[in-house]
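First comes the structure, then the notes that go with it.
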Amino acid sequence: MNTMREVFARTVTEAMETDPRVVVVLAEISRDVFPTTDRVINVGIREQAMVGVGAGLALSGLRPVVHSYAPFLVERPFEQIKLDFGHQDVGGVLVSVGASYDDPGWGRTHQAPGDVALIDTLPGWTVHVPGHPDEVGPLLRTALAGDDRVYLRLSLRTNSRAYPVTEGFTVVRRGRSGVVVAVGPVLDRVLEATADTDVTVLYAATVRPFDAEGLRRAVHAADHADVLLVEPYLEGTSTRLVTEALADLPARVRSLGVQREAELRAYGTAEDHDAAHDLDALGVAAAVRRMFGHGGQA
Amino acid sequence: MTVTREMGFADIPELYGRMTGDEKHEWAAASTLPVLWVLYDRVLDVAPDRVDDPARDRFLLSKGHGPMAYYAVLAAKGFLDPSLLDTWTAWDSPLGLHPDRVLVPGVEIGSGSLGHGLPIAVGTALGLGLQGGEQRVVVLVGDGELDEGSNHEAIALAGRLGLERLTVVVVDNASGTHGWPGGVAARFAVEGWEATTVDGRDQDALHEALLTPHVGTPLAVVAEVR
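If you're matching them up, the sequences are chains U and L in order. For the first sequence, the working numbering begins at 17 and goes up steadily by one. For the second sequence, the working numbering begins at 230 and goes up steadily by one.
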């Protein structure tokens, strides 16, 4: 199976053949997966320039795809994202790889669990968190054809199957005790953790805009307004949107994600990190039991 | 548009004064005014009725702080109704202490945070080139602004890519705390730019410098204002 990055490169390369607006800006990373053409611009290890150049290309009328490893795309040049795209009011497609801890042996410098939360401080961004390589193509083709601001967060972590790409959340399983929202590649773990629990499972490959209406529908169909949010990045990133969606209900909301309290100075595997953050099936199952077990009492 | 006659440089003090309340001194001290005037009067292929024309030249004011000279020039050249200058910094005015491209016709970028305009200009120059245009891209930065490392990413990149359509004007009023030993122009020259230094208050010298031949390289004009 192709990785998300491979699908990304292939989809963009194909789009460049038919859409003269599409242009790629890189900072060395992934230079080998794109063709050599004047529309693939490798600026060297210069991430501020990478984002600024992308915005300048957009100002000239093109559709820039700006790509690097997540911390170097979102965190290091964050003010360029805020000002050069947002304040200038131009569009672009930012595509990251590495996610929260895809390569944990590299340590904290190559981990960006806060990327979605950071983007979320800025107005007007669509955020896609695909959970399978087959979801990348449709999400990306739509993004390339538009003129808005899109953040596409790619990962080596994937679910066992893809779901059709829709604008809102997908109902994967229906139940009575409450709702679990699984974002991107955590879905398999959520399904395993909820196998014996009578809950609705919603799947989101797009978290901004947040499908508040889809969540409300699922909650109203359940017996309890209990929602467990499971995100593969910083815990609680979307909690405010869950609580806003359920503002007129006496709802219980709990969030799982990459924990905030301390920097985890450990290497090992991505699965080790899942376990440390209660994001493996065992950790999610424990949270599911606390929230939905014994008649829904915590 | 209520402009009934073509305005000239002699109108700048009054236009400037509509913002600051002072026609006598402040405009003359504005370090960016001479080069802004030369650009809009003699160099740039821009016009108020062509602000969305893809074929127009692009001028990016990266040093957005103290934009009164810029607004005054835009008003003198018909991009802004001069009466808008009276609204400067009011709640619903398009004219703030930093320019905003979304609010002001003819303004190509919003600026204020230093070090953003030059990388954006590199991208704009690349994009116009990919689309086969002949436009020039001119970006104005300050010598203090050059402290921001993002500029040096862009200077090296533009030099290596040989972005001929790109011109940087550095208004050098020696405002940087740590300075540039050997001169600002040397920073560009070593990266392969054509670089020239002129008296930033001499409009003819500025004009000549902005027309400096440069084949296969970007151009840096250091306008010294002391």
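Just so you know, even glycine gets a beta-carbon here, dropped at the ideal spot from N, CA and C.
Range covered by the alpha helix (DSSP H) that runs through L/W422: Premise fails: L/W422 is in no alpha helix (DSSP H) and is neither H nor E.
Buried/exposed call for U/N18, threshold 16 Cβ in 10 Å: Burial check for U/N18: the Cβ neighbour count within 10 Å stays below 16, so the residue is exposed.
Simplified DSSP state of U/V59, which is helix, strand or coil: Reduced to three states, the DSSP call for U/V59 is coil.
First through last residue of the beta strand (DSSP E) which encompasses U/A220: T216 to A220
C-beta atoms of L/V367 and L/L439 nearer than 9 Å: yes
Neighbour flag for L/Y393 against chain U, beta carbons, 9 Å: Inspection of the sequence shows that residue 393 of chain L is occupied by Glu rather than by Tyr. It does not; no Cβ of chain U falls within 9 Å.
Span of the beta strand (DSSP E) around U/T186: T186 to R189
Contact the segment 49 to 67 of chain U vs the segment 181 to 201 of chain U: 3+ CB pairs below 8 Å: no
Cβ neighbour criterion (16 or more within 10 Å) applied to U/R281: exposed
DSSP beta-bridge partners of U/R270: U/L244
L/G411 classed as buried or exposed, judged by whether at least 16 other C-beta atoms fall within 10 angstroms: exposed
Helix, strand or coil at U/W122 according to DSSP, with G and I counted as helix: Taken through DSSP and simplified to helix, strand or coil, U/W122 comes out as helix.
Beta-carbon proximity check, U/M20 vs U/L170, cutoff 9 Å: yes
Euclidean distance between Cα positions of U/S84 and U/L298: For the pair U/S84 and U/L298, the Cα-to-Cα distance works out to about 32 Å.
Where the segment 154 to 184 of chain U meets chain L: residues whose CB sits under 9 Å from a CB there: none
Selection of the segment 123 to 147 of chain U by Cβ proximity to chain L, strictly under 7 Å: none
Distance CB(U/A221)-CB(U/V145) smaller than 9 Å: yes
Per-residue DSSP class, three states only, for U/R79: If DSSP states are grouped into helix, strand and coil, U/R79 belongs with the strands.
Under 7 Å from the C-beta of U/H4: neighbouring residues of chain L: Because chain U is modelled from 17 through 314, residue 4 of chain U falls outside the range shown and cannot be assessed.
Residue interval of the alpha helix (DSSP H) (run including U/V258): T255 to A261
Cβ neighbour criterion (16 or more within 10 Å) applied to U/R190: exposed
U/Q313, buried or exposed, once every other Cβ within 10 Å from all chains shown has been counted against 16: A caution first: U/Q313 carries a pLDDT of 43, below 50, which makes its placement in the model unreliable, though a value can still be read off. U/Q313 is exposed by the Cβ-count criterion.
Three-state class that DSSP yields for L/E374 in the structure shown: helix
Residue burial classification, L/D372 (beta-carbon count within 10 angstroms, cutoff 16): buried
Beta-carbon neighbours of L/L386, restricted to chain U and to distances below 8 Å: V59, G60, R62, A65 and V69
Amino acids of chain L, ordered along the chain, whose beta-carbon sits closer than 9 Å to that of U/V39: L355, G356 and L359
Sequence ranges, alpha helix (DSSP H) only - wholly within the segment 141 to 182 of chain U, length at least 4: 149 to 161
Complete beta strand (DSSP E) runs within the segment 246 to 314 of chain L (minimum length 3 residues, chain order): DSSP assignment within the segment 246 to 314 of chain L yields the following whole beta strand (DSSP E) runs of 3 residues or more, N-terminal first: 287 to 290.
First and last residue of the uninterrupted alpha helix (DSSP H) at U/T52: Per DSSP, U/T52 belongs to no alpha helix (DSSP H) and is neither H nor E.
Where U/R281 falls: helix, strand or coil (DSSP): It is coil, neither helix nor strand.
Proximal chain L residues relative to U/R55, where beta-carbon distance stays under 8 Å: Chain L residues near U/R55: L359.
Expected contact under 8 Å - CB spacing of U/A286 and U/R173 to nearest Å: Indeed they touch by this definition, with Cβ atoms about 6 Å apart.
Alpha carbon of L/T446 to alpha carbon of U/W122, nearest angstrom: 39 Å
Short CB-CB distance (under 9 Å) between U/D100 and chain L: yes
Within-9 Å CB hit, L/R287 to chain U: yes
Contact with chain L by U/L231, beta-carbon distance below 9 Å: no
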